[in-house]
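**Student:**
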Amino acid sequence: MMEKAYQTRPAQALKGSIEVAPDKSISHRALIFAAIANGESKIKNLLLSEDVLRTLTIINQLGIQTSHTAETLTEKDELVVYGKGLQGLTKPENVLCCGNSGTTMRLMMGLLAGQPFQASLIGDDSLNKRPMDRVIEPLQEMGATINSETVDEKRIITVLPQNESGEKYLKGISYVSPVASAQVKSAIILAGLYARKPTSVVEPRQSRNHTELMLKSLRGKVAIKDLMVTIDCPTRLKALNVSIPGDLSSAAAFIAAALIVKGSDLTISNVNLNSTRTGMIDVLRYMGAKITTEIKNKVNGEDVGRIHIEASRLKNLSITGNIIPRMIDEIPMLALIASVSEGKMVVSGAEELRVKESDRIKAICKTLQQLGVRVDEKDDGFIIVGNPEGLRIQEGVDFRSYGDHRIAMMQSIAGLVLDKAVTIDDVSCVDTSFPGFFRILEKF
Ligand code: S3P
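All the letters of the sequence shown, read from the start, carry residue numbers 1074 to 1517 under this note's numbering.
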């Protein structure tokens, strides 16, 4: 990835209607399930971001043919995936590169755990540092053999053939996860498709449930009871026919922009409004935001609709507990909003932010300090004292994105309400989740 600097610009009111990039989480899952379903799956509006294209290339490396490859697929194309069923994947010739994508690496480990061949996974410098034991340990409990080796800060994870020890199937387990993580849950569910007995995962708090919903829509055997998901090994999965809705995490950038830029009145249409993802909207409503949502239709069990936002004067509040996983990727944007709202915002119980694409607690606090905001960094969150008078940047100060797309987008949105331009050192990372971001931003 070539580094790319960006100079922020102040914006006029954001008016009109936009659509944002397709949902990243659903795009990954659509590709993975299409690969192991039986027959031709049709996927429209797949997110063409670096992370998702990594997953596409990997399913190709695992012997799955697709109508287009990561190099040839365009936004207009419908992708056809020629699924070969649960037992149809084949040994890759080369190592599988996950780039910056934690979702790719963790979900792939779950999928590979039950395969009769060996495969190795690698990632970029950021991914090399992110915790993988949270997935390796439960998969080992299921009987998978996974080696993780780090040499010169480069990690290679090798998943050994499942039947090497003579066992064709993984063991079904009941796993009580110490973290509320959809990636951990999804890896175990994918491995559970290759287990002899049912597998269940219990989370401490509800994380996004796209894997369960998609599996259900493909006639997988899934039972959901409170925070427990149980799956049984199916014989086959139905092929997919899906159009991926917009990503609420990408919409978060323009929700923040419309709330903080005076006079804005913006509609974001065709967005995923799954209630396991809408924590930010709930918090903003409590803060007094003029924000409404309308569910228009269901796509593979997911609520899809539109969001209407008007610039608002907001009052800060404290957030912790169950709401955190429902807005985990939106916390950088919420922190930006909090810094121009009235009163104090305390965010706690959000230690997961330390192990995202960057240490987001540190990145958020450093960015806000550069904007003259009173912010106090805590182990599991931060305290912000908002100032509705606005943000101020000192002469000669530049932002550092830490190579993290969500931080780069937060800084770009901050730039809309600054009276001076600021340079962000590298925004190429935004392509991992929202390739059209700057095109939409430039419109305003
Ligand atoms: C994701 C789950 C979340 C989120 C990530 C995407 C997914 O991570 O932060 O951007 O697609 O499952 P965790 O599951 O680790 O919380």
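Beta carbons are placed, not taken as given, at the ideal position from N, Cα and C, and that holds for glycine.
#1: Under 8 Å, do L1159 and I1116 count as touching if we go by C-beta distance?
#2: Kindly indicate which three-state DSSP category I1466 falls into: helix, strand or coil?
#3: What does Q1191 pair with, by DSSP beta-bridge criteria?
#4: What's the C-alpha gap between S1501 and L1194?
#5: Rounded to whole angstroms, what is the Cα-Cα separation between I1437 and K1077?
#6: Which word fits A1255, buried or exposed, when buried means at least 16 other C-beta atoms lie within 10 angstroms of its C-beta?
#7: According to DSSP, is K1164 helix, strand or coil?
#8: Any heavy atom of ligand 1 inside 7 Å of the beta-carbon of H1101?
#9: Considering only the alpha carbon of each residue, which of E1092, G1175, G1112 lies closest to H1101?
#10: When you compare the CB of I1392 with every CB in chain B, is at least one pair closer than 8 Å?
#11: What number of angstroms, rounded off, separates the C-alpha of I1099 from the C-alpha of S1506?
#12: Assign S1506 to one of three DSSP states: helix, strand, or coil.
#13: Three or more beta-carbon pairs under 8 Å between the region 1259–1270 and the region 1163–1183, yes or no?
#14: Figure out for me which residue from I1404, F1327, K1451 has the closest Cα to the Cα of L1514.
#15: Check the C-beta distance from L1313 over to S1114 and give it rounded, since I have them as a contact under 8 Å.
#16: Figure out for me which residue from F1517, F1511, I1456 has the closest Cα to the Cα of G1336.
#17: Assuming N1118 contacts G1156 (C-beta within less than 8 Å), just tell me the rounded distance between them.
#18: Which residue from I1382, N1347, D1376, T1163 puts its Cα closest to that of G1361?
#19: Across the region 1219–1236 and the region 1273–1286, are there enough close Cβ pairs to call them in contact, namely three or more that are closer than 8 Å?
#20: In chain order, what residues of the same chain lie with their CB nearer than 8 Å to the CB of P1307, ignoring the 5 residues before and after it?
#21: At a cut-off of 7 Å, is A1255 close to ligand 1 when judged by its beta-carbon and the heavy atoms of the ligand?
#22: Would you decide whether K1097 is buried or exposed? Buried here means 16 or more other CB atoms lie within 10 Å of its CB.
#23: Taking the alpha helix (DSSP H) that K1258 belongs to, which residues open and close that run?
#24: Going by CA-CA distance only, name the one from I1105, T1145, E1144, L1120 that's closest to I1132.
#25: Would R1479 be called buried (16 or more neighbouring beta carbons within 10 Å of its own) or exposed?
#26: Quick check: does the Cβ of T1349 come within less than 7 Å of any heavy atom belonging to ligand 1?
#27: Using the Cβ count rule (16 or more neighbours within 10 Å means buried), how would you classify I1551?
**Tutor:** Quick answer:
#1: Residue mapping note: residue 1159 aligns to position 86 of the sequence shown, counting from 1. Residue mapping note: residue 1116 aligns to position 43 of the sequence shown, counting from 1. No.
#2: Numbered from its first residue, the sequence shown carries residue 1466 at position 393. Coil, per DSSP.
#3: As a working mapping, residue 1191 is identified with position 118 in the sequence shown. Partner(s): none; Q1191 has no beta bridge.
#4: As a working note, residue 1501 is residue 428 in the sequence shown. As a working note, residue 1194 is residue 121 in the sequence shown. So the two alpha carbons sit approximately 23 Å from each other.
#5: As a first step, residue 1437 is located in the sequence shown; it is residue number 364 there, counting from the start. As a first step, residue 1077 is located in the sequence shown; it is residue number 4 there, counting from the start. C-alpha separation (whole angstroms): 20 Å.
#6: By one-based count along the sequence shown, residue 1255 stands at place 182. It counts as buried.
#7: Working through the sequence shown from its first residue, we reach residue 1164 at position 91. Residue state, collapsed to three classes: coil.
#8: What you label residue 1101 is simply residue 28 of the sequence shown in a count that begins at 1. At least one heavy atom of ligand 1 is nearer than 7 Å to the Cβ of H1101, so yes.
#9: Here residue 1101 is taken as the residue at index 28 of the sequence shown, counted from 1. When each option's Cα is compared against that of H1101, the closest is G1175.
#10: No chain B is present in this structure, which holds just one protein chain.
#11: Counting from one through the sequence shown, the residue named residue 1099 turns up at place 26. Counting from one through the sequence shown, the residue named residue 1506 turns up at place 433. The alpha-carbon atoms of I1099 and S1506 are separated by roughly 12 Å.
#12: Against the sequence shown, residue 1506 aligns to sequence position 433. It is coil, neither helix nor strand.
#13: yes
#14: Counting from 1 along the sequence shown, the entry for residue 1514 is found at position 441. Closest by alpha carbon: F1327.
#15: For the purposes of this step, residue 1313 is identified with residue 240 of the sequence shown, where counting begins at 1. For the purposes of this step, residue 1114 is identified with residue 41 of the sequence shown, where counting begins at 1. Between S1114 and L1313 the Cβ distance is about 4 Å, and since that is below 8 Å, they are a contact.
#16: Here residue 1336 is taken as the residue at index 263 of the sequence shown, counted from 1. Of F1517, F1511, I1456, the residue nearest in Cα terms is F1517.
#17: Residue numbering aside, residue 1118 sits at position 45 when the sequence shown is read from its first letter. Residue numbering aside, residue 1156 sits at position 83 when the sequence shown is read from its first letter. The pair is not a contact, with the Cβ atoms about 19 Å apart (cut-off 8 Å).
#18: Start at 1 with the first residue of the sequence shown, and residue 1361 comes out as number 288. For G1361, the nearest C-alpha among the options comes from I1382.
#19: no
#20: On the sequence shown, position 234 is the one that residue 1307 refers to. Taken in chain order, the residues that qualify are L1159, L1266, R1292, G1293, K1294.
#21: For the purposes of this step, residue 1255 is identified with residue 182 of the sequence shown, where counting begins at 1. Checking the Cβ of A1255 against ligand 1 gives yes.
#22: Here residue 1097 refers to the residue found at position 24 when the sequence shown is read from its first residue. So K1097 ends up on the buried side.
#23: Locating residue 1258 in the sequence shown gives position 185, counting from the first residue. Segment 1255–1265, the alpha helix (DSSP H) holding K1258.
#24: Walking along the sequence shown from the start, residue 1132 turns up at place 59. Of the listed residues, the one whose Cα sits closest to I1132 is I1105.
#25: Locating residue 1479 in the sequence shown gives position 406, where the first residue counts as 1. The residue is buried, with at least 16 neighbouring Cβ atoms inside 10 Å.
#26: By 1-based counting over the sequence shown, the position of residue 1349 is 276. No, ligand 1 has no heavy atom inside 7 Å of this Cβ.
#27: Only positions 1074 to 1517 of the chain appear in this structure, which leaves residue 1551 out of reach.
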